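Here is the structure we will look at.
Residue numbers (my numbering): 604 to 940.
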């Protein structure tokens with residue numbers, strides 16, 4: 604469009620405007636870089652935000668993941684399968700040095716420690732039970748913290764700390780990044796752990812931070828279900844809507860249509876000759892006893908339209924299967940499995 608200049612003194616120049624619709628062109632030869640409304644908008648984020656999302660984002664993803672584990676059988680089944688096939692009865696550690704006697708005695712001592720609940724600081728889990736919890740948390744939360752502690756007698760113990768309990772204290776003097784103290788080189792030096800009452804700064808030498816690494820410079824873990832959370836929620840919502848429709852249909856057992864009477868010439872009601880008289884009959888008690896659901900009585904001209912969708916059953920089932928496949932694909936588990 605040609606630029607129009609102002610002729611009169613003091614008059615502003617007319618700013619040229621682009622056409623309302625601009626043809627989509629390849630940017631530097633890459634069509635994927637061209638903007639178009641034909642596809643969903645991809646919200647951009649800096650590399651640091653992708654590798655280290657805000658504490659709110661992580662907490663929201665984890666909150667939804669834990670909710671679906673508790674209320675969606677598919678997600679619980681995924682974690683159970685990981686426990687069963689990833690950990691099994693437990694991973695056993697065996698010493699392997701050149702001294703066979705030491706290997707035998709060390710392996711027996713470790714096995715005795717691992718099979719005792721006293722290997723955990725709360726005296727509740729054996730080492731192999733902790734391994735199952737670790738496997739679940741790595742998939743669900745994307746990380747777990749194992750704190751090495753000692754009993755008053757010097758007995759070595761482990762404490763499992765969930766992702767929610769490692770966070771910023773909110774204190775102005777707390778210079779941690781989302782609960783992690785980092786030096787100038789990006790190395791984690793300590794962790795800010797919430798014990799339920801107070802925050803404790805634990806040296807990194809006493810903490811094993813297991814997390815799923817997906818990005819360079821990543822400090823905290825992100826759960827495996829993050830990419831398929833929406834598909835999980837859609838699948839769950841579709842199932843609930845279908846159940847609701849079935850319950851609405853099943854609550855209606857019978858519809859009875861009543862037709863009003865009509866007065867004629869010479870009838871008893873002579874003064875109403877030729878007029879339509881609506882007669883409201885009493886409910887049929889015998890009919891209601893025969894049908895367990897609700898019996899609805901309609902007047903003349905009334906009609907009941909069942910609540911139903913125009914979609915086909917096969918199409919609905921195929922859509923649900925697509926959502927489930929998306930969930931399984933996200934965590935590399937075959938849909939048939």
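Note that CB positions come from ideal geometry on N, CA and C, so glycine has one too.
Note that the structure is predicted; figures quoted are calculated from it, not measured.
Shown here, residue 753 sits in a strand according to DSSP, grouped into three states. Per DSSP, residue 698 lies in no alpha helix (DSSP H) segment and is marked neither H nor E. In terms of Cβ geometry, residue 811 and residue 764 do not form a close pair [threshold 8 angstroms].
In the displayed model, residue 794 falls within a strand according to three-state DSSP. Secondary structure of residue 898 (DSSP, three-state): strand. Judged by beta-carbon spacing, residue 824 lies beyond the 8 angstroms limit of residue 832, meaning their Cβ atoms are not closer than that value. Straight-line measurement puts the Cα of residue 770 at about 21 angstroms from the Cα of residue 724. Measuring C-alpha to C-alpha distances from residue 916 to each of 669, 683 and 845 identifies 845 as the nearest.
Residue state for residue 657 is assigned as coil, using DSSP reduced to three classes.
Taken through DSSP and simplified to helix, strand or coil, residue 906 comes out as coil. Rounded to the nearest whole angstrom, the C-alpha separation of residue 834 and residue 742 is 17 angstroms.
In the DSSP assignment, residue 715 falls within the unbroken alpha helix (DSSP H) covering 703-717. The beta-carbon distance between residue 671 and residue 678, rounded to whole angstroms, is 5 angstroms. This is short enough to meet the 8 angstroms contact definition. When rounded, the separation of the alpha-carbon atoms in residue 665 and residue 659 is 10 angstroms. DSSP, reduced to helix, strand and coil, places residue 851 within a helical segment of the structure shown. The C-alpha of residue 826 lies about 20 angstroms from the C-alpha of residue 646. Straight-line spacing of the CA atoms in residue 720 and residue 727 works out to 5 angstroms. Its chain contains 747 as the residues whose beta carbon lies nearer than 6 angstroms to that of residue 737, once the 5 sequence neighbours on both sides are disregarded; these appear in chain order.
Contact annotation, residue 793 with residue 806: C-beta distance approximately 5 angstroms; criterion of less than 8 angstroms satisfied. For residue 764, the pairing in a beta bridge is given by DSSP as 748. 859 is the residue among 745, 783, 859 and 757 whose C-alpha sits nearest the C-alpha of residue 900.
Annotation: residue 922 to residue 696 spans about 46 angstroms, alpha carbon to alpha carbon. About 25 angstroms separates the CB atoms of residue 761 and residue 780; that is not less than 8 angstroms, and the two are not in contact. Taken atom to atom, the span from the alpha-carbon of residue 714 to that of residue 654 is near 38 angstroms. Looking at the DSSP output, residue 813 bridges to 747. Across the set 782, 778 and 686, the C-alpha of 686 shows the shortest separation from the C-alpha of residue 739. In this structure, the CA atom of residue 920 is about 12 angstroms from the CA atom of residue 928.
Here DSSP, grouped into helix, strand and coil, assigns residue 652 to helix.
For residue 920, the enclosing alpha helix (DSSP H) starts and ends at 916-933. Annotation for residue 645: no alpha helix (DSSP H) segment contains it, and DSSP assigns it neither H nor E.
Residue pairing for residue 804: DSSP places it in a beta bridge opposite 795. Distance from the CA of residue 644 to the CA of residue 638, rounded to the nearest whole angstrom, comes to 9 angstroms.
Of the candidates 631, 692, 702 and 836, the residue whose Cα lies closest to the Cα of residue 717 is 692.
The shortest C-alpha to C-alpha distance from residue 758 to any of 789, 712, 698 and 841 is the one to 712. Less than 8 angstroms divides the Cβ of residue 783 from the Cβ of residue 822.
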